[in-house]
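Right, one structure below, let's go through it.
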Amino acid sequence: MVKRLEVTEKALEVIKTLKEKHGDLMFYQAGGCCEGTQPQCFEKGGFYLRTNDVMIGLIDGFEFWVDRDLFEYWKFSHFTLDVTDGFGPGGFSLETPLGKTFKIDYRLFTEDELKDLEPIKRME
600 MVKRLEVTEK ALEVIKTLKE KHGDLMFYQA GGCCEGTQPQ CFEKGGFYLR
650 TNDVMIGLID GFEFWVDRDL FEYWKFSHFT LDVTDGFGPG GFSLETPLGK
700 TFKIDYRLFT EDELKDLEPI KRME
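Structure below.
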């Protein structure tokens, strides 16, 4: 099966630091509002999911959720979680005090990949 989500080594290093400080984590890709479409990292349970939000995979064992409306636009895209230096808008995400910002690189799935995608999970 084709994964919908990957993570860079650089992002994994930041996740390791956050895990040591905060314990279990969760990721949420919003569809707008305060941090635009920047992925956000919270302590597990630190963000309330909406009905039908979509979990597209795990990063280092932590769930990565996407806003239900945003997913409808990006369901044909592969997500790669990366990190860059600097502060994203809003500053709610746990990596902000480290002077880092998570970001997503997207690419469209090929026709063959679309036939063999990992299933998603929807929030009930």
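Read in order, the letters of the sequence shown correspond to residues 600 to 723 in our numbering.
Virtual Cβ for every residue (Gly too), placed ideally from N, Cα, C.
Note that the structure is a prediction, hence the values are computed from the model and not measured.
Let me know if residue i comes out buried or exposed under the rule of 16 or more other beta-carbons within 10 Å of its beta-carbon.
i	result
Met654	buried
Val613	buried
Lys609	exposed
Met625	buried
Gly660	exposed
Express the C-alpha separation of residue j and residue i in angstroms, rounding to a whole number.
i	j	result
Gln628	Met600	23 angstroms
Gly644	Asp652	14 angstroms
Thr650	Arg721	8 angstroms
Phe675	His621	32 angstroms
Thr636	Trp673	11 angstroms
Pro718	Trp664	13 angstroms
Glu710	Arg667	23 angstroms
Phe708	Glu605	13 angstroms
Gly687	Glu671	24 angstroms
Lys602	Leu713	10 angstroms
Glu619	Gly630	28 angstroms
Phe641	Leu611	15 angstroms
Thinking residue i and residue j are a contact (beta carbons under 8 angstroms), I'd like their distance in whole angstroms, please.
i	j	result
His677	Tyr705	7 angstroms
So which of the options has the shortest CA-CA distance to residue i?
i	options	result
Val682	Lys674, Arg603, Thr700	Thr700
Thr616	Leu707, Thr695, Asp668, Leu716	Thr695
Leu657	Leu680, Phe670, Glu671	Leu680
Thr607	Leu716, Asp715, Ile703	Ile703
Gly685	Leu697, Asp715, Leu693	Leu697
Gly690	Asp623, Pro638, Leu611	Pro638
### Query
Where are the beta strand (DSSP E) runs, 3 residues long or more, that stay fully inside the region 613-640, in chain order?
624-628
Next item on the list: Tell me the start and end of each unbroken alpha helix (DSSP H) in the region 679-711 that is at least 4 residues and wholly inside, in chain order.
Entry: none
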